[in-house]
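According to full-length UniProt numbering, the sequence shown holds residues 1 to 146 in order.
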Amino acid sequence: MKFSNGIVANVSEEALWLAWSDVPSWPRWDTELIEAALEGPFAAGTAGKMRSKKGGVWSAFRIVEVRRDKGYSCIVPMPGGELRFDRTFERIGPGMLRITHDLIFGGALGWLYAWLVGRPTNRIYPELLRLFVEVVREKEQELRTD
Numbered sequence: 001m002k003f004s005n006g007i008v009a010n011v012s013e014e015a016l017w018l019a020w021s022d023v024p025s026w027p028r029w030d031t032e033l034i035e036a037a038l039e040g041p042f043a044a045g046t047a048g049k050m051r052s053k054k055g056g057v058w059s060a061f062r063i064v065e066v067r068r069d070k071g072y073s074c075i076v077p078m079p080g081g082e083l084r085f086d087r088t089f090e091r092i093g094p095g096m097l098r099i100t101h102d103l104i105f106g107g108a109l110g111w112l113y114a115w116l117v118g119r120p121t122n123r124i125y126p127e128l129l130r131l132f133v134e135v136v137r138e139k140e141q142e143l144r145t146d
């Protein structure tokens with residue numbers, strides 16, 4: 001089962017990548033997280049972990065794809081299933097990007113995880129994306145002052 005949310009923003013690809021690849025800062029815009037960490041470079045094959053506000057449970061993830069011209073994907077293994085999150089962008093005009101975050105639940109129990117995790121998360125995702133764009137705009141400011 002797939003949940004998809006998107007937003008259009010006047011931001012640069014460079015700032016977008018700075019925000020996406022700053023894994024410890026994910027909780028600034030993903031309000032479901034307490035903390036997140038990556039065990040190496042932001043690249044395919046690198047493992048990481050994130051701790052949810054719901055129960056403070058740590059979940060492992062692995063980056064499975066990074067495409068500078070498109071976005072990246074991670075997989076979170078779950079007993080009897082998995083969550084894949086795809087974060088992508090496309091240029092739709094001068095300075096304008098469509099940013100899309102997809103949650104895809106698979107495996108034998110994917111339907112259950114979609115119901116328990118995906119549906120509630122999907123309800124708040126428009127706000128998470130709004131917060132994400134704020135973080136990207138902060139990265140734009142940092143780029144201008146460097």
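Beta carbons are placed, not taken as given, at the ideal position from N, Cα and C, and that holds for glycine.
Task: Gly95 beta carbon less than 7 Å from that of Asn5 - done: By the CB criterion at 7 Å, Asn5 and Gly95 fall outside the cutoff.
TODO: Return helix, strand or coil for Thr88, following the three-state DSSP convention.
DONE: Reduced to three states, the DSSP call for Thr88 is strand.
Task: Separation of Trp58 from Trp20, as counted between CA atoms - done: Taking C-alpha positions only, Trp20 is separated from Trp58 by approximately 19 Å.
Open item on the list: Going by beta-carbon coordinates alone, are Lys54 and Ile34 separated by less than 7 Å?
Closed with: In this structure, Lys54 lies away from Ile34, with their beta-carbon atoms at least 7 Å apart.
- [ ] Could you please give the first and the last residue of the uninterrupted alpha helix (DSSP H) stretch that includes Lys139?
- [x] Arg119 to Thr145 is the span of the alpha helix (DSSP H), which, as asked, contains Lys139.
Open item on the list: Since Ala43 and Pro24 should fall inside the 8 Å C-beta cutoff, what is the C-beta to C-beta distance between them, to a whole number of angstroms?
Closed with: Contact between Ala43 and Pro24 does not hold, since the beta-carbon distance rounds to 16 Å and is not under 8 Å.
TODO: Using a Cβ cut-off of 7 Å (strictly closer), state whether Ala108 contacts chain D.
DONE: Looking for chain D here will not work: only one protein chain is present.
Task: Assigned secondary structure, Gly56 (DSSP; H/G/I helix, E/B strand, else coil) - done: For Gly56, the secondary structure class from DSSP, reduced to helix, strand or coil, is coil.
Open item on the list: Need the endpoints of the beta strand (DSSP E) that Ala36 sits in, please.
Closed with: First-last of the beta strand (DSSP E) with Ala36: Leu33 to Leu38.
Task: Sequence-distant residues of its chain with Cβ nearer than 7 Å to Ala15 (five each side left out) - done: So the qualifying residues of the chain are Val136, Lys139, Glu140 and Leu143.
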